[in-house]
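The block underneath contains the structure these notes are about, expressed in structure tokens.
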Amino acid sequence: MKKITYFMIALSLVWGSAMLPSWGQAKTVHPSREVLLKLFKQNFKDAEKQYQFLAKHLPATKFPKTYFPNTDKYEFSNSDWWCSGFYPGSLLYIYEQTKDPQTYTEALRILKDLEKEKYNTTTHDLGFMMFCSFGNANFIDPKPEYKEILLTSAKSLITRFNPTVGCIKSWDSKPSDFLVIIDNMMNLELLFWATRQTGDSTYAKVAITHANTTLKNHFRPDFSSYHVINYNTSTGLAQQKRTAQGFANESAWARGQAWGLYGYTLMYRETKKPIYLEQAKHIASFILNHPNLPADKIPFWDFNAPNIPEALRDASAASVTASALLELSTYVKGNQSKGYISAAETMLYALSKPPYKAAYGKNGGFLIKHCVGHIPQNTEVDVPLTYADYYFLEAMKRYQALK
Ligand code: GLY
Numbered sequence: 000m001k002k003i004t005y006f007m008i009a010l011s012l013v014w015g016s017a018m019l020p021s022w023g024q025a026k027t028v029h030p031s032r033e034v035l036l037k038l039f040k041q042n043f044k045d046a047e048k049q050y051q052f053l054a055k056h057l058p059a060t061k062f063p064k065t066y067f068p069n070t071d072k073y074e075f076s077n078s079d080w081w082c083s084g085f086y087p088g089s090l091l092y093i094y095e096q097t098k099d100p101q102t103y104t105e106a107l108r109i110l111k112d113l114e115k116e117k118y119n120t121t122t123h124d125l126g127f128m129m130f131c132s133f134g135n136a137n138f139i140d141p142k143p144e145y146k147e148i149l150l151t152s153a154k155s156l157i158t159r160f161n162p163t164v165g166c167i168k169s170w171d172s173k174p175s176d177f178l179v180i181i182d183n184m185m186n187l188e189l190l191f192w193a194t195r196q197t198g199d200s201t202y203a204k205v206a207i208t209h210a211n212t213t214l215k216n217h218f219r220p221d222f223s224s225y226h227v228i229n230y231n232t233s234t235g236l237a238q239q240k241r242t243a244q245g246f247a248n249e250s251a252w253a254r255g256q257a258w259g260l261y262g263y264t265l266m267y268r269e270t271k272k273p274i275y276l277e278q279a280k281h282i283a284s285f286i287l288n289h290p291n292l293p294a295d296k297i298p299f300w301d302f303n304a305p306n307i308p309e310a311l312r313d314a315s316a317a318s319v320t321a322s323a324l325l326e327l328s329t330y331v332k333g334n335q336s337k338g339y340i341s342a343a344e345t346m347l348y349a350l351s352k353p354p355y356k357a358a359y360g361k362n363g364g365f366l367i368k369h370c371v372g373h374i375p376q377n378t379e380v381d382v383p384l385t386y387a388d389y390y391f392l393e394a395m396k397r398y399q400a401l402k
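Residue numbers (numbering that gives the first Met the number 0): 0 to 402.
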């Protein structure tokens, strides 16, 4: 009897979180916090080596974009690609953990190539590009030059704000269009930072107006979101609701749901307005209770993909969702908080092993396999992507910081 009791206690310590309330139709299974913390420490060490491998394959002045394992071919980008901030940002997350000087030097090298994008007014992605990179650099080693770069970037970003629409324009298009995508919520963090630094509320006001307009128009009654809203610039009304990267106009593209969750969680962090917390909780509930969310909680690329369960998974959506859930868990209490942590643990545990975590020297040096960029365009399908790595590292850092 005693032996059985000890066995049960040991089992619940190792698989402790399996006892927590589970989300979705399948049971949550993952190791205890202690085991996960060890695993994540190892993941950071592995990431250091893996990114050294990636750095060796990077042509000067190019940024990693993706890698095609079947043909052993890389795709690189210039600094103006929306993902250019993730490589330096990931290096800096790794450096924070391992203190490897080579990793830091590589981050500083590529930041020099990225800096010119602070003047880029043709993209809404400056938050991704500049805050994930220079924001992290400034966090590690605050410097006036980083502040100037971030502030100039924030100034460039708000040139895309249209007060009639109440949004920052995402994609340039024909004059009768004003296209805003849910992803754009991620760029607002930079604006709150700019207001805090300068005392000028203009930046935060733009961010709040953008978030309020998005809250009104981007979401369906079940709190899933459209990918693209096309606004009429004369009336400010939504004239079209559709997808670009999802399966269908009315489907729930997995990464879009993750961007929305992360976006409203950060809105609550920055403003403490309950409406944003409620929105984030509703989005979390949509994702975590969705009947098509697999047991390991790595979403299919679209919650309504036609060939589920054979549809491709999108590990990048899992990374972003896990990171957002861990922050959200700190704004709620009790079982709700435990439930978010438990779901994130399941995702991060799955990402920490095959088929998602790449072995050293495989996957082109990227950390995470099996991501989906743009299926309708047939680009970046079932490949590594820089943002899957970045938000995976961020999520592990956030997990370590949990009390
Ligand atoms: N922000 C573009 C994407 O998520 O693919």
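Even for Gly, the Cβ is constructed at its ideal location relative to N, Cα and C.
Checklist entry - Quick one: does the C-beta of Arg254 sit closer than 7 Å to a heavy atom of the ligand GLY? => result Position 255 of the sequence shown holds residue 254. Within the cutoff, so yes.
Next on the checklist: By the three-class DSSP mapping on this structure, what secondary structure does Glu309 have?
Outcome noted: On the sequence shown, position 310 is the one that residue 309 refers to. In the structure shown, Glu309 sits in coil (DSSP, three-state: anything other than H, G, I, E or B).
Next on the checklist: Going by C-alpha to C-alpha distance, which of Arg241, Leu325, Val34, Thr201 sits closest to Ala257?
Outcome noted: If you number the sequence shown from 1, residue 257 lands on position 258. Checked all of Arg241, Leu325, Val34, Thr201; the closest Cα to Ala257 is Leu325.
Next on the checklist: Considering only heavy atoms of the ligand ZN, does any lie closer than 7 Å to the CB of Gly259?
Outcome noted: For the ligand ZN, the structure offers nothing, since it holds only the ligand GLY.
Next on the checklist: Using the three-state DSSP reduction, which class does Gly235 fall into: helix, strand or coil?
Outcome noted: Along the sequence shown, one-based indexing puts residue 235 at 236. The answer is coil: DSSP assigns Gly235 none of H, G, I, E or B.
Next on the checklist: Tell me the rounded alpha-carbon separation between Gln278 and Asp112.
Outcome noted: Residue numbering aside, residue 278 sits at position 279 when the sequence shown is read from its first letter. Residue numbering aside, residue 112 sits at position 113 when the sequence shown is read from its first letter. Their Cα atoms are separated by approximately 37 Å.
Item to check | Simplified DSSP state of Ile374, which is helix, strand or coil | outcome: Locating residue 374 in the sequence shown gives position 375, counting from the first residue. Here Ile374 sits in coil by DSSP.
Next on the checklist: Less than 6 Å between C-beta atoms, sequence neighbours within five positions excluded: which residues of the same chain meet that for Ala210?
Outcome noted: For this step, residue 210 is matched to residue 211 along the sequence shown. The beta carbon of Ala210 lies closer than 6 Å to those of Met266 in the same chain, with the five residues before and after it left out.
Item to check | Paired residues, beta bridge with Pro63 - DSSP | outcome: Along the sequence shown, one-based indexing puts residue 63 at 64. Looking at the DSSP assignment, Pro63 forms a beta bridge with Phe75.
Item to check | Neighbourhood of His29 by C-beta, 6 Å cutoff - its chain only, sequence neighbours within 5 removed | outcome: Your numbering for residue 29 matches position 30 in the sequence shown. Excluding residues within five positions, the ones whose Cβ falls inside 6 Å are Ser16, Glu344, Thr345, Tyr348.
Checklist entry - Rounded to a whole number of angstroms, what is the C-alpha to C-alpha distance between Asp295 and Arg312? => result The residue you call residue 295 lines up with position 296 of the sequence shown. The residue you call residue 312 lines up with position 313 of the sequence shown. Using only the alpha carbons, I get a separation of about 11 Å.
Checklist entry - Taking 7 Å as the line, does the beta carbon of Gly84 fall inside it for any heavy atom of the ligand GLY? => result Reading the sequence shown from its first residue, position 85 is the one you call residue 84. Not so, every heavy atom of the ligand GLY lies at least 7 Å from the Cβ.
Checklist entry - Counting Cβ pairs closer than 8 Å, one from the region 295-305 and one from the region 228-240, do we hit at least three? => result No, because fewer than three Cβ pairs between the region 295-305 and the region 228-240 fall closer than 8 Å, the two stretches do not touch.
Checklist entry - Gly376: buried (16+ other C-beta within 10 angstroms of its C-beta) or exposed? => result Reading the sequence shown from its first residue, position 377 is the one you call residue 376. Checking the sequence, you will find Gln at residue 376 rather than Gly. When all chains shown are included, Gln376 counts as exposed.
Next on the checklist: Check for me: the alpha helix (DSSP H) holding Tyr230 runs from which residue to which?
Outcome noted: The residue given as residue 230 occupies position 231 in the sequence shown. Note, Tyr230: premise wrong, no alpha helix (DSSP H); beta strand (DSSP E) at 227-230.
Checklist entry - What is the DSSP secondary structure of Asn69, reduced to helix, strand or coil? => result Residue numbering aside, residue 69 sits at position 70 when the sequence shown is read from its first letter. Coil, per DSSP.
Next on the checklist: Within the continuous alpha helix (DSSP H) that includes Leu347, where are the two ends?
Outcome noted: Walking along the sequence shown from the start, residue 347 turns up at place 348. Leu347 -> alpha helix (DSSP H) spans 333-350.
Checklist entry - Looking at C-alpha atoms only, which residue of Ile180, Ser200, Val179 is the closest neighbour of Leu406? => result In this structure the chain extends from 0 to 402, so residue 406 is not present and cannot be described.
Next on the checklist: Please report the straight-line C-alpha distance between Phe67 and Glu379, rounded to a whole angstrom.
Outcome noted: Your numbering for residue 67 matches position 68 in the sequence shown. Your numbering for residue 379 matches position 380 in the sequence shown. Rounded to whole angstroms, Phe67 to Glu379 spans 8 Å at the Cα level.
Item to check | Cβ-heavy atom distance, Asp182 to the ligand GLY, below 7 Å | outcome: In the sequence shown, the residue the question calls residue 182 occupies position 183. True, at least one ligand heavy atom lies under 7 Å from that Cβ.
Item to check | Rounded Cβ spacing between Ser223 and Ala251 (contact assumed at less than 8 Å) | outcome: Here the question's residue 223 lines up with position 224 in the sequence shown. Here the question's residue 251 lines up with position 252 in the sequence shown. Indeed, because the Cβ distance is near 4 Å, the residues count as touching under 8 Å.
Checklist entry - If you draw a straight line from the alpha carbon of Tyr386 to that of Ala253, how long is it in whole angstroms? => result Mapped onto the sequence shown, residue 386 falls at position 387. Mapped onto the sequence shown, residue 253 falls at position 254. So the two alpha carbons sit approximately 14 Å from each other.
Item to check | Candidates Ala314, Tyr339, Lys352, Asn362: closest to Val371 by CA position | outcome: Taking the sequence shown and counting its residues from 1, the one referred to as residue 371 is at position 372. Out of Ala314, Tyr339, Lys352, Asn362, Ala314 has the C-alpha closest to the C-alpha of Val371.
Checklist entry - Which one of Lys280, His281, Ile282, Thr320 has the shortest CA to CA distance from Pro298? => result Here residue 298 refers to the residue found at position 299 of the sequence shown. Nearest option by C-alpha distance: Thr320.
Next on the checklist: Given 7 Å as the limit, tell me if Gln244 has its C-beta closer than that to any heavy atom belonging to the ligand GLY.
Outcome noted: Mapped onto the sequence shown, residue 244 falls at position 245. Distances taken from the Cβ of Gln244 to the heavy atoms of the ligand GLY include one shorter than 7 Å.
Next on the checklist: Between Leu366, Tyr118, Asp171, which has its C-alpha nearest Leu150's C-alpha?
Outcome noted: The residue you call residue 150 lines up with position 151 of the sequence shown. Nearest C-alpha to Leu150 among Leu366, Tyr118, Asp171: Tyr118.
Checklist entry - Should Ala323 be labelled buried (16 or more other beta-carbon atoms within 10 Å of its own) or exposed? => result Looking up residue 323 in the sequence shown gives position 324. That one is buried.
Next on the checklist: Between the region 101-110 and the region 165-180, can you find at least three pairs of beta-carbon atoms closer than 8 Å?
Outcome noted: Short answer: they don't touch.
Checklist entry - In this structure, does DSSP put Asn161 in helix, strand or coil? => result For the purposes of this step, residue 161 is identified with residue 162 of the sequence shown, where counting begins at 1. Per DSSP, reduced to three states, the secondary structure at Asn161 is strand.
Next on the checklist: Can you list, in chain order, the residues of its chain with a C-beta nearer than 8 Å to that of Pro100? Leave out the 5 residues immediately preceding and following it.
Outcome noted: Working through the sequence shown from its first residue, we reach residue 100 at position 101. Nothing listed; no residue qualifies.
Checklist entry - DSSP on Glu393, reduced to helix/strand/coil? => result Counting from one through the sequence shown, the residue named residue 393 turns up at place 394. Glu393: helix per DSSP, three-state reduction.
Checklist entry - Taking the alpha helix (DSSP H) that Leu35 falls in, what are its first and last residues? => result Residue mapping note: residue 35 aligns to position 36 of the sequence shown, counting from 1. From DSSP, the alpha helix (DSSP H) with Leu35 extends over 32-55.
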